[in-house]
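In the UniProt record's numbering, the protein residues as written are 1 to 553.
All residues carry an ideal CB built from backbone N, CA and C; glycine is no exception.
Remarks on the structure that follows.
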Amino acid sequence: MTVPRSLISTFRRRLPLIGVVLFSLSSPLFAARGPEPPLRLPLEPFGFQPLSEQFLLAGSSMLTIHYVDNQHLLLTFSARHLLKRLPDEPEDDMDRTIDAVLLELPSGHILARTTWRTHDHGQYLWSLGHGHFLLRIRDTLTTFAPLANLSTSQPFAEHPFLSTDNRRIAAVILSPDADLLTVETVKRTPAPPKPKTPLFGPTPVEPAPEPPVVQINFYRLHLPPESGAAVKSNFAGVAHSRGTGGVPVTIAGYLATVDQGHRHYAFDFHSYAGKVDELSPFDSTCRPFPLFVSHSEFIVFGCRAGNAIGAVGGFNMRGQEMWEQGLFGDFIAPSLVYAPSSGRFALSRVLLHSSAISDQPISADEISSQTVVVYQTDSGKQILHADCTPVERAGQNFALSPDGLSLALIHANAIEIYHLPPLTPKEENAVKLAQTSAPPENDLPVRFVTQPSPSAEEADSTVQPEAQPANAVAPTPANTATSTSDSAQPPAPANQAPAAASSDAAEASTDAAQASGDPSPEVHRKPPTLYTLPTDKPSDRPANSDRPKDNPQ
């Protein structure tokens, strides 16, 4: 998962060197690089050729690696093949071919391969878990399961999922457990004609274009029990925003960030059923940004000085901040992958020699490295630290196995497989405790409490999955009531940092617990209780009775 642009935009300032909140640099949690990988598979035998550094650093999706299951990998990369001219092809298309290779571990034996033709350099592949993948070709999404269909003549056979003719897919976001899909689209409009340059006088200044309205569709995903069958989905709701991204959301509810004033923030979990759970507070000099790493745990990026991201903390749904530690150095392009069943996640950052503007192009001279750290979610323990080369700004060149016991990444023109230590009894108990504390799942519409109702133009632009009787789950009153035209509740915001001016919907959702006006008075929850034992009880959580009640909407 790539962290949304609104969060990345806060990385443009130079990060100060700050102290770790909980741990010293001498802690074993901050040990240097792990051992050399026991398994190394060179890329050249798979047909891989060196990639353009320009595209890699610009954020193009050029090279991906995903686990299909714990013993198989799916490797994809841009390849040089002859392209047949297509009739009526848009002038702005950037056609290329992608080779996809299914690999067996540990042998590296090629089990199947195929080639796709894409029409841009954006992200084209997402893992849905349990061997299923989502593929984007222009504005059409399909699913496939190569290992499940390996015995057939078409292991990469695609099942239709979603297609849109009058809108362009701007972003695709999966929840950590891959059970909630967010698809963001914008209206496809022709490029405006360029103004004529006058023979005399100043050149006219083109007016700044209006930001497009982003439509956000939510789908609950259901993986089929039978091998090779299509992924099923429920349409779960629709929202609109002025920017792409997405809020911290699960199939049960979403997180709202509450500004309590004086650099104190709190988090509320809003169930779609209307229940609100008050969670642990967090101190930050900038508006913090939370991201779920499982159904019941989330991490928060925050600042310790100014607006530079310099800290990350781990939180659970029992109202506890589990750990907090510093992030050092100038960096851009943070991205994450998850293994919720093991209570682990991996964070990648592109480290720089000096500060840079995150949305601007960078050169190889500005890059220090791309580093990946695997964390144990309940304790913040850093299990492994490794580097990726070549540096890929898009961040799909590393992956965690479903069981969380191995990390695969691209390094020095090879796939390197790091074996991670098994969970300790304490960590196993922490994972079980996290699973039992997850909010109950529901089939209610994805709704946010403060976003205004969409306009008539927006209401007519709903993108629905194309007709697929074999794939789509039968509609229920819960998921049909959220069509834009029928929704009585305001729809959802985008997954952008709440302070981002580009997303009015994001501001609305993360301020869901506050009235749109003055911040809450200076009365705050008690400081967070940091814990390390998975046996800690909910009664150990910080008291919330002194927190000011949120104003009704």
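query                                                                                                                                                                        : result
Reducing DSSP to helix, strand and coil, say where P42 ends up.                                                                                                              : strand
Alpha carbon to alpha carbon, how far is A170 from S502? Give it in angstroms, no decimals.                                                                                  : With a pLDDT of 31 at S502, under the threshold of 50, the predicted position of this residue should be treated as unreliable, and no value is reported.
Below 8 Å on the Cβ atoms is my contact criterion, and I expect P290 with L255 to pass it. Report the Cβ-Cβ distance as a whole number of Å.                                 : 5 Å
Put D403 into one of helix, strand or coil per three-state DSSP.                                                                                                             : coil
Contact between the region 424-431 and the region 53-64: three or more CB pairs below 8 Å?                                                                                   : no
Excluding the five sequence neighbours on either side, which residues of its own chain have a C-beta within less than 7 Å of the C-beta of T480, listed in chain order?      : For T480, the pLDDT reaches just 28, beneath the cut-off of 50, and the residue's location in the model is therefore unreliable, leaving the point undetermined.
Rounded to whole angstroms, what is the Cα-Cα separation between I309 and L327?                                                                                              : 8 Å
Answer with buried or exposed for P42, where buried requires no fewer than 16 other C-beta atoms within 10 angstroms of its C-beta.                                          : exposed
Rounded C-beta distance between S369 and H353? I'm assuming under 8 Å.                                                                                                       : Not confirmed; about 10 Å, so no contact.
Excluding the 5 residues preceding and the 5 following T140 in the sequence, name in chain order all residues of the same chain whose CB lies nearer than 6 Å to its CB.     : S163
Closest by CA to S271, which one among P37, A252, Y265?                                                                                                                      : A252
Go ahead and pull the three-state DSSP assignment for P290.                                                                                                                  : strand
At a cut of 8 Å, does the region 302-319 reach the region 148-162 through at least three beta carbon pairs?                                                                  : no
Give me, in chain order, the residues of the same chain whose beta-carbon lies closer than 7 Å to that of F84; leave out the 5 immediate sequence neighbours on both sides.  : Here residue 84 turns out to be Lys, not Phe, going by the sequence shown. If we look at K84 and ignore the five residues flanking it on each side, it has no Cβ neighbours.
Return the bridge partner residues of P160 from the DSSP annotation.                                                                                                         : T142
Between the C-alpha atoms of H109 and L73, what's the straight-line distance to the nearest angstrom?                                                                        : 10 Å
Under 8 Å by Cβ, that's how I've got L128 and E158 pegged, so tell me the actual separation to the nearest angstrom.                                                         : About 13 Å separates the two Cβ atoms, so there is no contact after all.
Any idea what DSSP makes of K275, helix, strand or coil?                                                                                                                     : coil
Using the C-alpha atoms, what's the distance from S296 back to S437?                                                                                                         : 6 Å
Check whether the region 332-339 and the region 395-413 touch, using three or more Cβ-Cβ pairs below 8 Å as the test.                                                        : yes
Compute the Euclidean distance between the alpha carbons of G246 and C388, then round it to the nearest angstrom.                                                            : 27 Å
In the structure shown, what three-state DSSP assignment does K232 receive?                                                                                                  : strand
Consider the C-beta atom of A236 and the heavy atoms of the ligand FMN; say whether any pair is separated by less than 7 Å.                                                  : Absent from the structure shown: the ligand FMN. Ligands present: none.
Is H240 buried or exposed, if buried means 16 or more other CB atoms sit within 10 Å of its CB?                                                                              : buried
Starting from K426, follow the alpha helix (DSSP H) in both directions and report where the run begins and ends.                                                             : 425-436
Less than 8 Å separating the beta-carbons of I65 and F398?                                                                                                                   : yes
Between which two residues does the beta strand (DSSP E) carrying Q215 extend?                                                                                               : 214-222
Just to confirm the assignment: which complete beta strand (DSSP E) runs, minimum length 3, are found wholly within the UniProt domain "Cyclic nucleotide-binding" (82-184)? : 96-104, 110-118, 125-129, 132-137, 140-144, 159-163, 167-174
Taking its Cβ as the centre, do 16 or more other Cβ atoms sit within 10 Å of R393, making it buried, or is it exposed?                                                       : buried
Excluding the 5 residues flanking D177 on each side, which residues of the same chain have their C-beta closer than 7 Å to its C-beta?                                       : S294, H295, P340
Taking the alpha helix (DSSP H) that E53 belongs to, which residues open and close that run?                                                                                 : 53-58
Once DSSP output is grouped into helix, strand and coil, what is the label at E210?                                                                                          : coil
Where D120 and Y418 are concerned, what is the direct C-alpha to C-alpha distance, given to the nearest angstrom?                                                            : 32 Å
Can you tell me whether DSSP reads D365 as helix, strand or coil?                                                                                                            : helix
Using the Cβ count rule (16 or more neighbours within 10 Å means buried), how would you classify Q382?                                                                       : buried
For P37, does the three-state DSSP call read helix, strand or coil?                                                                                                          : coil
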